[in-house]
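J.: Chains B and F are the protein sequences, given in the same order.
In this text, residue positions in the first sequence follow our numbering: the first is 1, and each later residue adds one.
In this text, residue positions in the second sequence follow our numbering: the first is 1001, and each later residue adds one.
Glycine residues also receive a C-beta, built at the ideal position from the N, C-alpha and C atoms.
All values derive from a computational prediction rather than experimental measurement.
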Amino acid sequence: MDQGIEFQLNGERVSYTGSATTRLLDVLRDNFALTGVKCGCKEGECGACSVLLDGKLVNSCMVAMGRVAGASIVTIEGYSKTARFAALNAAYAAVSAVQCGFCTPGMILASEAILAKTPHPTEEEIRAGISGNLCRCTGYNAIVTAIQSAAKEGNGLW
Amino acid sequence: MKKISKSVVKKDHQTKIDGTAWYVGDYPQAGMLHGRIVRSPHPHARIIEIKPYALPEGYFIVDHRDVPGINEVHIVKDDTPVFAVETVEYIGDPVLMVVGPDENTVLRIAGEIEVVYEPLPATLDVRDSITTFFDYNFGKGDPDSAFANADKVYQEEFETGYQEQAYLETQGMIATFADGKLSIHGSMQCPYYVHGAIAKALGLTPDRVRVVQDITGGGFGGKEAYPSILACEVAVAAYHAGGKPVRVIFDRREDMEFTSKRHPSLSTYRVAVKDRRVTAMDIDVIFNAGGYTTLSAVVLQRGLIAAPGVYNVENLRVRGRAMKTNTVPNGAYRGFGGPQTFFAVEMMMNHIARDLGEEPLPFKQRHLVKQGDATSTGGIYHFPVPLPDMIAEVEQMSGYSQKRATYNTAKPERFQRGIGISIWFHGAGFTGSGERDHIKAVTRLHKTTSGYVEILASQSDIGQGIKTTLCKIVANELNLPLERVTYNNPDTDRVPDSGPTVASRSLMTVGELLRRAAIHLRSEWKEGEDQTVEERFVEPDFVIPFDIEKFQGDAYPTYAWAASAVEVEVDTLTGVNKVLGAWASFDVGTPIDYNIVVGQMEGGLMQGLGYASMEQMATDNNGRIRNNSFSDYLIPTSMDVPVLEVKMHVEEYPLGPYGAKGAGELPLVGMPGAYMAAMEQALNRKIQHIPFSAEDALLGATQE
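#1: Are the CB atoms of F/T1469 and F/N1596 within a distance shorter than 8 Å?
#2: Name, going along the chain, the residues of the region 127-153 of chain B whose beta-carbon falls closer than 9 Å to a beta-carbon of chain F.
#3: How do the region 1213-1227 of chain F and the region 1509-1522 of chain F stand: do at least 3 beta-carbon pairs fall below 8 Å, yes or no?
#4: Suppose the cutoff is 6 Å on Cβ atoms and the five residues either side in sequence are ignored; what does the same chain contact list for F/R1247 look like?
#5: Please determine, among B/A93, B/Q99, B/G4 and B/P119, the residue with the shortest C-alpha to C-alpha distance to F/G1599.
#6: Using 8 Å for Cβ pairs, my map puts F/V1510 next to F/A1584. What's the rounded Cβ distance?
#7: Can you tell me the Cβ-Cβ gap for F/A1563 and F/I1419, rounded? I've got them flagged as a contact below 8 Å.
#8: Roughly how many angstroms lie between the CA atoms of B/K38 and B/S60, to the nearest whole one?
#9: Work out the CA separation of B/S96 and F/L1514 for me, nearest whole Å.
#10: Taking just the CA atoms, how far does F/R1321 sit from F/D1125?
#11: Rounded to a whole number of angstroms, what is the C-alpha to C-alpha distance between F/H1195 and F/E1549?
#12: So, does the CB of F/W1525 fall closer than 8 Å to a CB anywhere in chain B?
#13: Going by C-alpha to C-alpha distance, which of B/G70, B/R23 and B/V63 sits closest to B/V14?
#14: Quick one: which residues of the region 1002-1035 of chain F get their C-beta closer than 9 Å to a C-beta of chain B? List them in chain order.
#15: Which same chain residues end up closer than 6 Å to F/G1243 when comparing Cβ atoms and leaving out the 5 residues on each side of it in sequence?
#16: In the DSSP assignment, find the beta strand (DSSP E) that holds F/M1614 and state where it starts and stops.
#17: Can you check whether the C-beta of B/Y92 is within less than 8 Å of a C-beta belonging to chain F?
#18: Classify F/E1393 as helix, strand or coil using the three-state DSSP reduction.
#19: Put F/G974 into one of helix, strand or coil per three-state DSSP.
#20: Taking only runs of the beta strand (DSSP E) that begin and end inside the region 1601-1656 of chain F, which ones reach a length of at least 3 residues, in chain order?
#21: Please compile the residues from chain F whose C-beta is within a distance smaller than 7 Å of the C-beta of B/P105.
#22: Just to confirm before moving on: does the CB-CB distance between F/S1504 and F/V1442 stay below 8 Å?
#23: Just the chain F side, please: which residues come within less than 7 Å of B/I108 by C-beta, in chain order?
#24: For F/E1224, count the other beta carbons within 10 Å of its own beta carbon; 16 or more makes it buried, fewer makes it exposed. Which is it?
#25: From what residue to what residue does the alpha helix (DSSP H) around F/K1370 run?
#26: Spell out the partners DSSP gives F/R1036 in its beta bridges.
#27: By DSSP, does B/N59 sit in helix, in strand, or in coil?
#28: Going along chain B in order, which residues have a C-beta closer than 8 Å to the C-beta of F/I1596?
#29: Counting along the chain, where does the alpha helix (DSSP H) carrying B/V68 start and finish?
#30: Pick out the complete beta strand (DSSP E) segments inside the region 1507-1563 of chain F, 3 residues or longer, and give them in chain order.
#31: Express the C-alpha separation of F/I1130 and F/N1479 in angstroms, rounding to a whole number.
#32: So does the region 3-18 of chain B actually touch the region 28-38 of chain B, counting three or more Cβ pairs closer than 8 Å?
#33: Mind checking whether F/T1279 and F/A1374 have CB atoms under 8 Å apart?
#34: Roughly how many angstroms separate the alpha carbons of F/Q1371 and F/P1384, rounded to a whole number?
#35: Beta carbon of F/V1474, beta carbon of F/Y1090: below 8 Å?
#36: DSSP puts F/F1177 in a beta bridge; with which residues?
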């Protein structure tokens, strides 16, 4: 009997009954209507579709559904309800780090992945941590500053 | 800092950061049809036949025979067909579209449909082209005498490559035809360009076309004219879709391979020098236009006007041609022709200085234009030119002169450093009399009975923050909290045509119209009443009218200025270089929002560095773009420029809102000149082309 692929999605237990080879990106967008997960290239190069898989930053276009069984997935839709997001949100807003916005949900989850691992990262650690997320608008300075500021202002959250 | 410069939380911040903002690809797809364009696999060929194909029920094909109006995309010269008719002119030229309910089935059919072609001879190299789309000639003074009397004449050729806009959101449109009206929404910079193009292609009166800009994930010029082309194709499909919406969203490869890019260029500079001073320039510029003209005329015009750079060259001859090749049509990209010629003139000045035994910076400083000088087109620099102060600022930030001297005497070791400087301008707003003769911008403010004020204009926020800055201007004049002023994405059913979101014009031109409208509304404000005021563009009095036939007059009312230094370190064993730092001073007048403007400057600067270095795009020997993914076309990451420092220098423009002038394009334009000057010092040799790869660095090293 096919129970489908069960996993945690933004804290809720869900099941997916399609092919195990389908991209997580497509399932999130098409089956669960989580369109905060952006598709910029579908080749694992741009990071716009970044999500957290068991707390690790992954390009959801590079993850087959078979890999997701039993895992916990967090997208921007789930993450945006957290206190950590609120801290990052305020920090990004203060320096206008959002321009076109297409990279932003992925960038926020990359920010989370950096701070979860290193609550007080150096600038080099921040730059390395977002290096898989392309942004064509900002030149990255504002994003780096925002993450530094979130680490400081959100002291204790991470 | 003026009060208006103080940063606010951007109007579109929240929905973008929490993922709830809908871009065109995010609309629910239930009930929609999907379209896939079948494109020419040949650079040049005659279409013999589209072989019959047994389509499943619910699927259909549209080609040029299904275009209900005129099969031309209205851009400047309307030579781009919606769908190819007799011939195809480049690899990717759209021939037909397959439309149907299941996307995978549509893709399969598009792959299986057979189009029979008879290949024709193709021109792939611009040097071989004999088809001139545009040929412009202008000048001033007496260049022939200056060359005859010169102490020395220098001549060099400079080459620049493609640049891909690489906005993170690919192109996309969704169209519906119902009750005799075509409605379309998608990713775009210029809703009224799309509107005009669809009306012509579908043969509809303007009131039967509605265009709405969706939240747009970056444009950089790539969504100026191309969306008109895609919109016409999707609109034709929708016209035959029985009322169902038709959706076309490009994947990254289709977007990179077949949408417009920055024109590759070849520029030959001949320069006369007498008494260690440049007395004349004779400049010949060739742009590779690609298969159709699209925006090449206007891109070329801007490039030519900027060709002598920020230098006062009294005797000048400029010739520029846009040549046809059987390659993807090139178009608008941030800077719009300026980056090509500014790279050439900056390198040329460096090389002449080097030959004269002088450091490039003082040599350039001796030639800078100043207020009151004549422009390349016999107009006038009406306002102060703050370059001397800006250069001093960059000196201070970067330590340019000291580093320059140190690196000049460096021992030949494996790691070599260099620092370079570049100086440039960007003409603010449309070239010539475009605003007066073609755009004729109209804006409105609508006040509701509850005292909210809505901006009615056709500017697209593509990330540059125009939603926020326009609202700030209106709120400031009306003394309202920012929340009480709103600006929705433009909808041609609701807003007048205030012109396209291009040419760094939106804030300077439309922002000023809205400021005046707000003053107007303030003077007539009646509490509790529904009120609308309107404001129309009027050309400033001081402008010397521009004659586009002769290239004479003020091409721009004013200029934004820039100076930048870049420091690099090259590993001469591998050719790999890294940018150690980039410093710049930018004058865009008063920043209407400090964070927003700095974000524009930093992002644009980074694109300029990418253009000169890692952003390598080329065609194969069949004319097909080879670099069609982010694996093959690299754009800067957060690791590439660790130090990036920008200073805003404010020289107010009295006719811009609160002294603001055009900003968006400026920071990109001259960056290649600074980067390559640094590379020249590190490698101790002349460089005449961009992009410049690690292989190029090695090639020179082994030759020397």
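T.: Put simply:
#1: Note that residue 1596 of chain F is Ile in the sequence shown, not Asn. Judged by their CB atoms, F/I1596 and F/T1469 are nearer to each other than the 8 Å cut-off.
#2: R127, A128, G129, I130, S131, G132, N133, L134, C135, R136, C137, T138, G139, Y140, N141, A142, I143 and V144
#3: no
#4: Cβ neighbours of F/R1247 beyond the five flanking positions: M1032, H1034 and I1174.
#5: B/Q99
#6: So it is not a contact: roughly 26 Å between Cβ atoms.
#7: Not really, about 13 Å apart at Cβ, beyond 8 Å.
#8: 10 Å
#9: 23 Å
#10: Straight-line Cα distance between these residues: approximately 15 Å.
#11: About 28 Å.
#12: no
#13: B/G70
#14: If the cut-off is 9 Å between Cβ atoms, the region 1002-1035 of chain F has S1007, V1008, V1009, K1010, D1012, H1013, Q1014, T1015, K1016, I1017, D1018, G1019, T1020, A1021, W1022, Y1023, G1025, D1026, Y1027, P1028 and Q1029 near chain B.
#15: A1178
#16: Where F/M1614 is concerned, there is no enclosing beta strand (DSSP E), given that its DSSP letter is neither H nor E.
#17: Cβ-Cβ to chain F under 8 Å: yes for B/Y92.
#18: helix
#19: Coverage of chain F is limited to positions 1001 through 1704, which leaves residue 974 of chain F absent and any answer about it impossible.
#20: 1644-1648
#21: G1019
#22: In this structure, F/S1504 keeps its C-beta atom at 8 Å or more from the C-beta atom of F/V1442.
#23: I1017
#24: Counting Cβ neighbours within 10 Å, F/E1224 comes out buried, since at least 16 surround it.
#25: Counting along the chain, F/K1370 falls outside any alpha helix (DSSP H), and DSSP gives it neither H nor E.
#26: F/V1098
#27: strand
#28: Neighbours of F/I1596 on chain B, chain order: S96.
#29: M65 to V68
#30: List check, beta strand (DSSP E) in window: 1531-1536.
#31: When only Cα atoms are considered, F/N1479 and F/I1130 end up about 60 Å apart.
#32: yes
#33: no
#34: 5 Å
#35: Annotated as distal: F/V1474 and F/Y1090, with beta-carbon spacing of 8 Å or more.
#36: F/L1182
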